[in-house]
Each structure stands twice: as C-alpha cells, then as structure tokens.
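S.K.: Sending over a structure as structure tokens; questions will come in a sec.
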Amino acid sequence: MTTDRTYCGTPRAGDAGRPATAFGWVDRRRDHGGLIFIDLRDHTGILQVVIDPNDAPEAHGAAREARLEWVLRFEGEIRLRSPENVNPKRETGEIELRVRACSVLAVARTPPFPVNEDTEVDEQLRLRHRYLDLRRVHLQRNLRTRAKFCTELRTAMAEIGFLEIETPMMIRATPEGARDYLVPSRLFPGSFYALPQSPQLYKQLSMVAGFDRYFQLARCMRDEDLRADRQPEFTQLDIEMSFVDEDDIFAALEHAIPSAWEACDFRGGHLTVPFPRMTWREAVDSYGVDKPDTRFELLLRDLTGIVGTSGFRVFADAVAAGGIVKGICVKGGDDLSRSDIEGPLTEVARGARARGLAYLWKRAEGWQGGIAKFFSADELDAIGAATGADTGDCVLMVADRPSVVNGALGAVRNHLGRVRRLYDDARIDMLWITEFPMFERSDETGEISAAHHPFTMIHADDLDLLESDPLAVRSRAYDLVVNGREIGSGSIRITDRAIQQRVLAALGIDAEEAQRKFGFLLEAFEYGVPPHGGWAGGIDRMVMEGLGTDNIRDVIAYPKNQQAQEPMTDAPAPVDPGQLRDLGIAILPNTRMP
RNA sequence: GGCCCCGUGGUGUAGCCUGGUCUAACACGCCACCCUGUCAAGGUGGAGAUCGUCGGUUCAAAUCCGAUCGGGGUCGCCA
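The opening position of the first sequence corresponds to residue 3 in my numbering, with each subsequent residue numbered one higher.
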C-alpha cells in the first residue's frame, strides 16, 4: 500500500508532472462548493490537495464528507501552481496534488483540542489524549529530535569502543537513596524486587567482568515527588570505564555529547571542547551554588574581613558567631528600588533561608541606603573595592553561616541573571564541577551521609582526614553542568578494600551491615577488580536544554502528571483481588484508593 | 506535608478586583445551507456553559467569604 508513498512535506517544483499517492490527516479543509482544498498532514509537513468535481466526481464526494483529523489517501499528480497561487509560507507552496482518487481510511471524532495549531491546552486533557498531543508539530519535532539525539549518542559511544549492556529492571532494593518502586514476588510472597534507581552496581560489576567500556541508555525509576524537570521514570546516559582517571571519562563524554548535540543542531549546534573545569570550592565561593550558571558574572565576594567588626550589628554578630558576610555587585543596579530589593529579591534570599538582604547603592553623592550610616568611609571604600562597585551600581549582601550566605546570594544571583537578562539565550555553558565533598551532614538529623555515593573514591590528598575531619574530605566525584542546571554526575570508584572500609566506617556502617547491603559488590571486588569510574547523565534534561524547553513532559512521549498518574491509561490502578492473593498481598483498611 | 498560581460551552480567553445592566461575551472548533483558486478561505443561519464542587454572606453571587476536589509550579524530598 505504501510502496509509492509521497510524504506530504517533500514534493517540490521539480516534481511537477509526477504521479503521487499521499497519506495523512486532514489539517485543514477549504470547501468552495465546487473546488475543495485539503491540507494533508503527515510528520514531514503539509501538502495542499485540490479536488475538482469535474476531474474526479467520486473523490469530490468523499472530500466533501471529510473532516479535521480524518485519515485519507489521495492519488493524483503533482502540479505546479500558477504564480499567483504560490504560498511562500509553506515548503510545498509551489506545488499541489491534483487529485484523481480519494479514499477515506478512517473517520475521526472532533478532537478534544486543536491538533492543527500550537495552542496552550490544559495539561490533564493533553495527557488523557496523548496520542493527539503527540500528533501536533511541537511534540512530533521534540520526540523525533530526542530519538536522533539517542541514536547519535549510541553511534558516538560505539565509535570509541563502548559496549551497550542491558542491566536488569527487577533488582534488589537498595536502602540508600530515593524511594524504590517495588515489584512483589509471586514465588516468594512477602519479598520484593525493586525497579532500578540507576544501574550503578551492575555497571561496576561489569567492570569486574572485564567489559572495560560500558554504556547504556538506561531507564531509571525513583518514587519521589515530581518537578518540571523530574519524572518518576527517566533515561540516563550511563557509562563506566576501567583503568582510567577523570580525564579519560571527561574525554569520552566530550566526544559523545557534542557529537549528538551538534547532530541535533541544538541551539546553533556548537559545543566547545574540552569543557571548562571548576572545583566545587570555586563554584560555591564565587557562584554560591554547586551548579553555577557561568553565562554571566555577578560573582560573590567575601566581605567578612571588611565588615565583620563594623558598627552594623547584624554583620558583626553574624561574624562573631562564626558566620561570614558576602556581597554581589549589581552593575547598573541604581535602578533597583528599595521596594524591588525588599520585595522580590529579599523573598528570594529568604526562600534560601537568609534572614534578610542588606543593600547599598553607590551614587554620585556617595554611598546610600539605610545601612550606609553604620559603616566608616574606609569600610565603604573597601566594600566598593572588594565588590568592584562603581557609581551607579548596587551591592547586595548577606550575613549568616557560610552555607546560608552562599545559598541565598547564589539564588539572588540566578534570579537577577534571569530578570535582568544578563546572559545570551543562545549561549551554552557546559562545564565540569570537580572535587565535591565526600560527605555532607544533614541539617535535621546531624548525620553524615555520602554526598555522591559510598563507593566514591577519596581525593588522594585528603585520605588522612577521613577519620579526623570527614566533612573536609574531597572526593573524586564530578558533575556536568549546563547553564546552571546539573545534567549528570559521576566519580572514580573505590576499589581498595581498606579505603572502602574506612569510608563505610565514617558513614557509621559496620562490617556486618556493609556485608548485608553491599556484600555482593565487596565480594566481587575480591576477585580482581580493575580501577574504574563512570558517569550518568539525564537524557531528558539534555534534550530539554538543547530544545530550550523548560518542561520534561515536552521531551517524553508518555509522561506522568504531578501525582505520577498516567491519565490516558489511568495508571496506577487497583488490581484484581486474585492477583493480590497470588502475591500474598493484602491492602490495609485505611489505604487511600484512587 | 508547606507555600504560590489556575479552574467560565469541545478548545483558548474576556467578565471577577468595584455583586444587579450576565437571559454570560469574543475567537477557534462543531452542525446546516450558499459558494470553482483557497491556503487562519469567505458568506448566512444554528446548536452548545446552571461559570470545578459544596456551603455561607446578601433582596441579589461567575463575581465576596469558607471548605473541598482537580491541574500546574515550588520548598521539603530526589545517595
């Protein structure tokens, strides 16, 4: 049936005179009573079909019946349009299909929302009829681009010797990390598999097995609350390599990601390699966050030494309590009003746990702002010098614990970057953040946990600190950051048994617990483990960044809503009582049913 | 779990702040008829919403108040 198919978006003036058979959906229909024009749509574009009652009375009858989104087949001849009838807005605007025969392959109900235009539609309705949403040009383009991106990644990885290995979807639950999705076992009632949060342990075991360059476009599942850039199911480019250090892993990704990126012509297409590198310390000190948006300056500057002993009690007290004071200089910030700062900007700072946002303007008349009077002329000069403030600028400051100061000013910095348009939208800044801390302490429980994961190798210079000052220990973990968004992370792994034990001990995990949780990995490592490391990055987020969309549902064919439901099939749903009986599962009486 | 925004014919919006003139407007879509060169075709006519739900205030509620449901965003959470 499709042997001689002409795709709607493809014929050009040069095809005039050729017979053609086109298949597609009715995008628009213009019935003149005599002549009928139908814009026929497939994924390649739109073809104008002309049905003349004199040429083809039967086809004309069918075309008169046809409505939007009906599926039609047209047979006829590609004709050049007369010059006054050319439509310059359309790729196929110089030609049209003069129809001999028409068949209706399927009728269609009136669609619940317009398929032929790009209007905003209620999210729930779009998801309920996802097949129609996907039919629209926007999602067609996104998903076709995503597919191309993935194909190119596979090609690029294969080019440099990586082997794609599938890892299981039904695995042992891991106590660490995100909440697991569980799959009950029929043969072992009361026991469960978990869906993988990542193939982490399997890829490391693959290194032990001698597959020295592994990759996978791996599906991962995490039962956590959703966000605009987070779905419960997502896809990672997952890699692991043996006998390597950071440089080798970075080089592999600096080959694969730009290849795919450029093949998709994302944002002009070009990525400069190698990607710049920045330590975690430098990122937090200068940008306030561990995923800095380096497309603009507005860097954080330390003012602790200048204002820590000043007459401004808020600063002095914070410093006396072991805190710090930092500031950012907003160039041309003279136009920031007191209500701009005390309203939205302070809101952003408070949202990041700061108690407030202090401000000074440097004007021709001198330093102004409510707190200017607390500082000496020397102190004000020093603030200006440290922040680089000139006349017409505004300095914003926060005093508190270092983590609060950095977080709050980092948030204010990102906010200002966005609202003051401090960067070029076409610019792509991809960079590595290295030397992350090995451990972090929970604010709530005070417990120490692994910042990346417990198999991350310690920075060689910090081995001695493991017991004495664990929070100062740097790891060999690294993130890839794009325009202020983290898109992936990885590390060189621990393969030395003694170091592994010390790390587990620092985490409060004794030998018995380690054996229970990770025994199979530790045992495997006793049979000849190569030094190795790897990385995993979100495909969905890379495609989002490349396409310039800010919602992950725009790059996933069948996503879930914010409640992790799939409105088209109505998953999740209760199951037949017999299925539960087979699994030895009973639902507790007060459990909420959807 | 907290906070913010949204909910008006099939779709997208206006009206809501400042209650009555709303018997709810506009565009698209839908139905019928007319129309042989349109391309967001055009013309004429028509159908379609008790304004998410429940309760309250009021002589009177799409409009004000409360609760609740649904959707989105965000914080927590996501090694």
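Cβ atoms here follow ideal geometry from the backbone N, Cα and C, with glycine treated the same way.
Am I right that L197 and V185 are in contact with their C-beta atoms under 8 Å? What's the rounded C-beta distance?
M.R.: For the purposes of this step, residue 197 is taken as the residue at position 195 of the first sequence. For the purposes of this step, residue 185 is taken as the residue at position 183 of the first sequence. Indeed they touch by this definition, with Cβ atoms about 7 Å apart.
S.K.: Using 7 Å as the threshold, is the C-beta distance between D481 and I435 below it?
M.R.: By 1-based counting over the first sequence, the position of residue 481 is 479. By 1-based counting over the first sequence, the position of residue 435 is 433. Yes, they are a contact pair.
S.K.: Report the partner residues of Q202 according to the DSSP bridge assignment.
M.R.: Here residue 202 is taken as the residue at index 200 of the first sequence, counted from 1. Q202 pairs with nothing; no bridge assigned.
S.K.: Where G78 and P21 are concerned, what is the direct C-alpha to C-alpha distance, given to the nearest angstrom?
M.R.: For the purposes of this step, residue 78 is identified with residue 76 of the first sequence, where counting begins at 1. For the purposes of this step, residue 21 is identified with residue 19 of the first sequence, where counting begins at 1. Answer to the nearest angstrom: the Cα atoms are 6 Å apart.
S.K.: How would you write the range of the beta strand (DSSP E) that H140 sits in, first residue to last?
M.R.: What you label residue 140 is simply residue 138 of the first sequence in a count that begins at 1. First-last for H140: V139 to E161, but that is the alpha helix (DSSP H), not the beta strand (DSSP E).
S.K.: Cβ of L424 within 7 Å of Cβ of I330?
M.R.: As a first step, residue 424 must be located in the first sequence, where it is residue number 422. As a first step, residue 330 must be located in the first sequence, where it is residue number 328. In this structure, I330 does not lie closer than 7 Å to L424 by Cβ.
S.K.: If we count Cβ pairs, one from each stretch, closer than 8 Å, do we get three or more for the segment 315-334 versus the segment 299-306?
M.R.: Yes, they touch.
S.K.: With DSSP collapsed to three states, give me the class of F377.
M.R.: Counted from its first residue, the first sequence places residue 377 at position 375. Three-state DSSP puts F377 in coil, outside helix and strand.
S.K.: Could you tell me how far apart the beta carbons of V101 and R69 are, in whole angstroms, since I believe they sit closer than 8 Å?
M.R.: As a first step, residue 101 is located in the first sequence; it is residue number 99 there, counting from the start. As a first step, residue 69 is located in the first sequence; it is residue number 67 there, counting from the start. About 17 Å; that fails the 8 Å criterion.
S.K.: With 16 as the cutoff for other CB atoms within 10 Å, does S288 come out buried or exposed?
M.R.: Looking up residue 288 in the first sequence gives position 286. With 16 or more Cβ atoms within 10 Å of its Cβ, S288 is classed as buried.
S.K.: Please classify H140: is it buried, with 16 or more other beta-carbons within 10 angstroms of its beta-carbon, or exposed?
M.R.: To locate residue 140, count along the first sequence from 1; it is residue 138. Counting Cβ neighbours within 10 Å, H140 comes out exposed, since fewer than 16 surround it.
S.K.: Could you tell me which of L468, L82, R422 and R403 sits nearest to A356, measuring between CA atoms?
M.R.: One-based indexing of the first sequence puts residue 356 at position 354. When each option's Cα is compared against that of A356, the closest is R403.
S.K.: Return the residue from the list R495, D395 and L465 that minimises the CA-CA distance to A508.
M.R.: Position 506 of the first sequence, counting from 1, holds the residue named residue 508. Of R495, D395 and L465, the residue nearest in Cα terms is L465.
S.K.: Assign S477 to buried or exposed, taking buried as 16 or more other Cβ atoms, counted over all protein chains shown, within 10 Å of its Cβ.
M.R.: Along the first sequence, one-based indexing puts residue 477 at 475. Counting Cβ neighbours within 10 Å, S477 comes out buried, since at least 16 surround it.
S.K.: Counting along the chain, where does the alpha helix (DSSP H) carrying M544 start and finish?
M.R.: As a working note, residue 544 is residue 542 in the first sequence. Per DSSP, M544 belongs to the alpha helix (DSSP H) from I541 to L549.
S.K.: Using only the alpha-carbon positions, how far apart do G179 and P234 sit?
M.R.: The residue given as residue 179 occupies position 177 in the first sequence. The residue given as residue 234 occupies position 232 in the first sequence. Each residue's alpha carbon lies about 14 Å from the other.
S.K.: Provide the residue span of the alpha helix (DSSP H) that contains I501, from first to last.
M.R.: Position 499 of the first sequence holds residue 501. Run containing I501: R499 to A508, per the alpha helix (DSSP H) assignment.
S.K.: Can the beta-carbon of H454 be found closer than 7 Å to that of A479?
M.R.: Numbered from 1 along the first sequence, position 452 holds the residue referred to as residue 454. Numbered from 1 along the first sequence, position 477 holds the residue referred to as residue 479. Going by C-beta atoms, H454 is nearer than 7 Å to A479.
S.K.: Which one or two residues does DSSP pair with L398 in a beta bridge?
M.R.: For the purposes of this step, residue 398 is taken as the residue at position 396 of the first sequence. According to DSSP, which records beta bridges pairwise, L398 is partnered with I330 and Y361.
S.K.: Do V117 and L134 come within 7 Å of each other at the CB atom, strictly closer than that value?
M.R.: Start at 1 with the first residue of the first sequence, and residue 134 comes out as number 132. Start at 1 with the first residue of the first sequence, and residue 117 comes out as number 115. Against a cut-off of 7 Å, the Cβ pair of V117 and L134 comes out as a contact.
S.K.: For my contact list, R75 and T23 are in at a C-beta cut-off of 8 Å; report their separation, rounded to the angstrom.
M.R.: The residue labelled residue 75 in the question sits at position 73 within the first sequence. The residue labelled residue 23 in the question sits at position 21 within the first sequence. Correct: roughly 7 Å between the Cβ atoms.
S.K.: Cα-Cα, which of I558, E299 and V51 is closest to V414?
M.R.: Numbered from its first residue, the first sequence carries residue 414 at position 412. Answer by Cα proximity: E299.
S.K.: When the Cα atoms are used, what is the spatial distance from M595 to I558?
M.R.: The residue labelled residue 595 in the question sits at position 593 within the first sequence. The residue labelled residue 558 in the question sits at position 556 within the first sequence. Bear in mind that a pLDDT of 48 at M595, under 50, signals an unreliable position, so the number given afterwards is only what the model happens to contain. Taking the straight line from one Cα to the other gives about 27 Å.
S.K.: Could you say which of A374, D319, A318 and L362 lies nearest to V332 if we only look at CA atoms?
M.R.: Locating residue 332 in the first sequence gives position 330, where the first residue counts as 1. Closest by alpha carbon: L362.
S.K.: Tell me whether the beta-carbon of A541 lies closer than 7 Å to the beta-carbon of L239.
M.R.: Numbered from 1 along the first sequence, position 539 holds the residue referred to as residue 541. Numbered from 1 along the first sequence, position 237 holds the residue referred to as residue 239. The amino acid occupying residue 541 in the given sequence is Ile; Ala does not appear at that position. Yes, the Cβ-Cβ distance between I541 and L239 is below 7 Å.
S.K.: Quick check: the Cα distance between Q517 and D182, rounded to an integer number of angstroms?
M.R.: Your numbering for residue 517 matches position 515 in the first sequence. Your numbering for residue 182 matches position 180 in the first sequence. So the two alpha carbons sit approximately 21 Å from each other.
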